[in-house]
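Structure first, then comments.
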Amino acid sequence: MSLLKVERLDVRHGLLQAVRAVDLELQEGETLALVGANGAGKTTLLRAIAGAHRPAAGRVLLDGADVTTAPAYRRVRLGISLVPEGRRLFPGLTVEENLLVGGRSGRKGPWNLDAVYGLFPALRELTRRRARVISGGEQQMCAIGRALMANPRLLLLDEVSLGLAPVVVQALYETIASVGRQGTTVVLVEQDVARALGTATRVACMLEGRIVLERDAAAVSRDQIVDAYFGLRRGAAA
Amino acid sequence: MIWLNQIIQGVLLGGYYALIASGLSLMFGVMRIINLAHGDLAILGAFLTLLLADHAGLDPFVSLAVVLPALAVLGWLLQRTMLERSLRAGVLVPLLTTFGLAIVVQNVLFEEYGADTRSLGPQIGDLAFSSWTITDQIYISHLSVIIFGVAVTVLGGLHLLLRLTPIGRALRATAEDADTAELVGINSKSVYAVAAGIAVATAGLAGVFLAMRSSFDPYSGPPQLIFAFEAVVIGGLGSLWGTLAGGIILGVAQNVGAQLNPQWQIIAGHIVFLAILAARLVLTEVSSRGGFRVVLAQRV
Numbered sequence: 517m518s519l520l521k522v523e524r525l526d527v528r529h530g531l532l533q534a535v536r537a538v539d540l541e542l543q544e545g546e547t548l549a550l551v552g553a554n555g556a557g558k559t560t561l562l563r564a565i566a567g568a569h570r571p572a573a574g575r576v577l578l579d580g581a582d583v584t585t586a587p588a589y590r591r592v593r594l595g596i597s598l599v600p601e602g603r604r605l606f607p608g609l610t611v612e613e614n615l616l617v618g619g620r621s622g623r624k625g626p627w628n629l630d631a632v633y634g635l636f637p638a639l640r641e642l643t644r645r646r647a648r649v650i651s652g653g654e655q656q657m658c659a660i661g662r663a664l665m666a667n668p669r670l671l672l673l674d675e676v677s678l679g680l681a682p683v684v685v686q687a688l689y690e691t692i693a694s695v696g697r698q699g700t701t702v703v704l705v706e707q708d709v710a711r712a713l714g715t716a717t718r719v720a721c722m723l724e725g726r727i728v729l730e731r732d733a734a735a736v737s738r739d740q741i742v743d744a745y746f747g748l749r750r751g752a753a754a
Numbered sequence: 023m024i025w026l027n028q029i030i031q032g033v034l035l036g037g038y039y040a041l042i043a044s045g046l047s048l049m050f051g052v053m054r055i056i057n058l059a060h061g062d063l064a065i066l067g068a069f070l071t072l073l074l075a076d077h078a079g080l081d082p083f084v085s086l087a088v089v090l091p092a093l094a095v096l097g098w099l100l101q102r103t104m105l106e107r108s109l110r111a112g113v114l115v116p117l118l119t120t121f122g123l124a125i126v127v128q129n130v131l132f133e134e135y136g137a138d139t140r141s142l143g144p145q146i147g148d149l150a151f152s153s154w155t156i157t158d159q160i161y162i163s164h165l166s167v168i169i170f171g172v173a174v175t176v177l178g179g180l181h182l183l184l185r186l187t188p189i190g191r192a193l194r195a196t197a198e199d200a201d202t203a204e205l206v207g208i209n210s211k212s213v214y215a216v217a218a219g220i221a222v223a224t225a226g227l228a229g230v231f232l233a234m235r236s237s238f239d240p241y242s243g244p245p246q247l248i249f250a251f252e253a254v255v256i257g258g259l260g261s262l263w264g265t266l267a268g269g270i271i272l273g274v275a276q277n278v279g280a281q282l283n284p285q286w287q288i289i290a291g292h293i294v295f296l297a298i299l300a301a302r303l304v305l306t307e308v309s310s311r312g313g314f315r316v317v318l319a320q321r322v
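Given below as structure tokens:
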């Protein structure tokens with residue numbers, strides 16, 4: 517059975533329909549890169565899977581169980597964790613408190629404070645610093661660590677490289693790849709297509725709310741993605 | 023010496039103000055609700071204690087063991103049934119809801135107990151008037167020291183709860199960003215209900231102390247709300263120790279005002295509150311324009 521199944525999902529922001537009839541299926545252990553232009557609906561799709569947006573139609577199934585109407589906090593307990601765009605740490609809480617809040621769901625698994633500090637040794641030096649005063653890269657590590665503390669089966673990463681130095685991004689992606697190798701299923705939204713393809717096992721490209729291309733990462737050519745990304749020669753791309 | 027006495031009495035009175043303000047501050051800090059029924063819920067606590075004293079002969083201090091949990095449950099229920107719905111409708115609706123709740127509490131109490139002024143003083147025996155004599159002009163009442171000690175304990179306890187416990191971390195996380203708190207697995211509605219429970223229980227505790235040291239009637243709530251509100255604003259929103267400082271400043275201002283002229287007690291408190299509020303607004307405005315030097319240079 518697939519870990520995540522999205523069926524005919526429609527999500528609206530008021531009159532704007534951001535996600536249109538999206539179908540998506542993920543097996544346990546896969547890493548899916550979700551690419552597409554700004555406004556293509558990637559973030560909205562991710563947030564709908566995490567429970568931050570209630571879809572207008574369609575279903576979200578986790579391990580066969582319908583979670584379409586479950587609130588976000590309950591989905592965390594079921595194993596879906598989102599690292600939101602812009603990191604969204606709790607600025608007045610310390611690094612360690614941010615991580616501990618992430619562990620409140622009480623799911624059992626390999627991730628705890630020590631494991632997160634093992635993954636991001638830089639955070640160990642910052643445990644008592646407030647999240648608002650640490651650097652962007654450190655904040656992103658903390659945000660990923662906070663999501664891992666919930667021991668997710670499905671980790672959703674929204675634009676983790678946004679605004680970070682290339683060397684920091686490189687390190688983050690190596691970490692994400694290692695989390696994926698340990699068996700966590702990952703969906704990552706990324707603007708940098710080459711970076712995304714380097715980490716993912718599968719790629720899906722969104723355009724105007726729809727998934728217009730979905731392939732194994734190894735089997736897709738750069739041209740196919742460029743076409744799907746900009747909606748060129750759509751027949752050839754899909 | 024008489025001035026020193028007024029300042030000491032003001033500091034001790036400030037403990038009571040800080041105690042009643044702590045719950046108001048907590049509810050505003052966590053869910054951005056200004057609970058206009060806060061004072062009336064305090065008075066409700068006083069009447070519940072009176073009820074237990076009259077019918078079960080319970081000592082007021084013993085009855086706290088019943089009254090405080092009951093009020094905590096009441097706060098929890100208020101949040102789950104009324105305030106949660108109001109919050110969904112925008113920031114103004116909770117103000118109207120709690121205003122309505124205040125009127126309901128006042129009138130239910132009036133219906134039950136009439137307009138008579140009451141006190142729990144008779145129920146606590148010597149404690150109502152016993153004191154330490156420091157000099158022939160300075161007497162320190164045992165009860166006011168107890169109230170001050172309880173206030174510091176409650177504020178300190180809340181501080182430790184927020185800093186060191188899992189529920190405290192969840193409260194602070196939810197206060198900072200409720201949407202993200204949900205995304206990391208916190209049920210913000212249940213966190214809000216816990217905060218409301220704590221807030222109403224501390225209000226009731228303050229109300230019982232008010233009833234011991236002074237008198238109360240069904241309409242005593244609104245003035246207590248105003249004092250609590252002033253203490254919170256003077257101390258700075260969101261800071262528990264600031265709330266203690268705010269309560270003390272308010273208490274000292276009132277007592278010094280009363281010494282100047284017996285009619286000036288309440289107004290002196292209000293004036294100090296308004297002066298601090300105005301000074302803070304001016305300072306904020308000046309610093310947003312680049313400091314005093316820049317602002318003065320522009321004038322010339």
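Chains A and B, in that order, give the protein sequences. In short: position in the first sequence from 1, add 516, done, that's the working numbering. In short: position in the second sequence from 1, add 22, done, that's the working numbering. For every residue, glycine included, the Cβ atom is placed at its ideal position computed from N, Cα and C. Since the model is a prediction, treat every value here as computed from it, not as a measurement.
When CB distances to chain B are screened at a threshold of 7 Å, the residues of the region 587 to 616 of chain A falling below it are P587, A588, Y589, V592, R593, L598, P600, R604, F606, P607, G608, L609, E613, L616, in chain order. Nearest neighbour of I271 of chain B by Cα position, chosen from B:L247, B:L296, B:L96, B:L282, turns out to be B:L296.
Cβ proximity to chain A below 8 Å picks out P188, R191, A192, R194, A195, E198, D199, D201, T202, A203 from the region 183 to 203 of chain B. By DSSP's assignment, Y633 of chain A forms no beta bridge with any residue. Judged by their CB atoms, P82 of chain B and A223 of chain B are not nearer to each other than the 9 Å cut-off.
In this structure, the beta-carbon distance from Y745 of chain A to V551 of chain A falls below 9 Å. By the neighbour-count criterion, in which a residue is buried when 16 or more other Cβ atoms sit within 10 angstroms of its Cβ, S651 of chain A is exposed. In the DSSP assignment, T187 of chain B forms no beta bridge with any residue.
Close to chain A, meaning a Cβ-Cβ distance shorter than 7 Å, are the following residues of the region 203 to 220 of chain B: E204, L205, V206, G207, I208, N209. A straight line joining the alpha-carbon of V130 of chain B with that of Q145 of chain B spans about 24 Å. Within the same chain, and ignoring the five residues on either side of A280 of chain B in sequence, the residues whose Cβ sits closer than 6 Å to its Cβ are Q287.
A direct Cα-Cα distance of roughly 49 Å separates P637 of chain A from L86 of chain B.
Every beta strand (DSSP E) stretch that sits fully inside the region 573 to 642 of chain A and reaches 3 residues is listed by chain position as 573 to 578, 596 to 599. For G530 of chain A, no CB of chain B lies under 9 Å from its own CB, so it is not counted at the interface with that chain. Taken in chain order, the unbroken stretches of alpha helix (DSSP H) that lie wholly in the region 645 to 708 of chain A and span 4 residues or more are 652 to 664, 682 to 697.
A straight line joining the alpha-carbon of L609 of chain A with that of T560 of chain A spans about 27 Å.
For the pair of segments examined, the region 696 to 711 of chain A was found to touch the region 665 to 673 of chain A: the number of CB pairs separated by less than 8 Å reaches three. The beta carbon of G567 of chain A falls within 9 Å of a beta carbon belonging to chain B, placing the residue at that interface. Under the three-state reduction of DSSP output, V206 of chain B falls in the coil class, being neither helix nor strand. The beta carbon of G618 of chain A falls within 9 Å of a beta carbon belonging to chain B, placing the residue at that interface. By the 16-neighbour rule on beta-carbons within 10 angstroms, R662 of chain A is buried. Beyond the five residues adjoining it in sequence on each side, Q543 of chain A comes within less than 6 Å, by CB distance, of S518 in the same chain, given in chain order. In this structure, the alpha-carbon of G530 of chain A lies about 26 Å from that of L520 of chain A. Three or more beta-carbon pairs drawn from the region 586 to 594 of chain A and the region 202 to 218 of chain B are found closer than 8 Å, and the two stretches are therefore classed as touching. Of all residues in the region 653 to 677 of chain A, only R662, A663, M665, A666 come within less than 9 Å of chain B when Cβ atoms are compared, listed by chain position.
Residue pairing by DSSP places L548 of chain A opposite A:V703, A:R718 in a beta bridge. Beta-bridge partners assigned by DSSP to H529 of chain A: A:L532. Residues of chain B whose Cβ lies closer than 7 Å to the Cβ of S621 of chain A are, in chain order, G207. DSSP places I162 of chain B in the uninterrupted beta strand (DSSP E) bounded by 161 to 163. Contact check for A218 of chain B and L105 of chain B: beta-carbon distance about 7 Å, within the 8 Å limit, so the pair qualifies.
With contacts defined as CB atoms closer than 9 Å, A556 of chain A and T715 of chain A fail to qualify as a contacting pair. One Cα belongs to L598 of chain A, the other to G725 of chain A, and the distance between them is close to 20 Å. Take the alpha-carbon of T155 of chain B and the one of Y214 of chain B: they are about 45 Å apart. In the DSSP assignment, S153 of chain B forms a beta bridge with B:S163.
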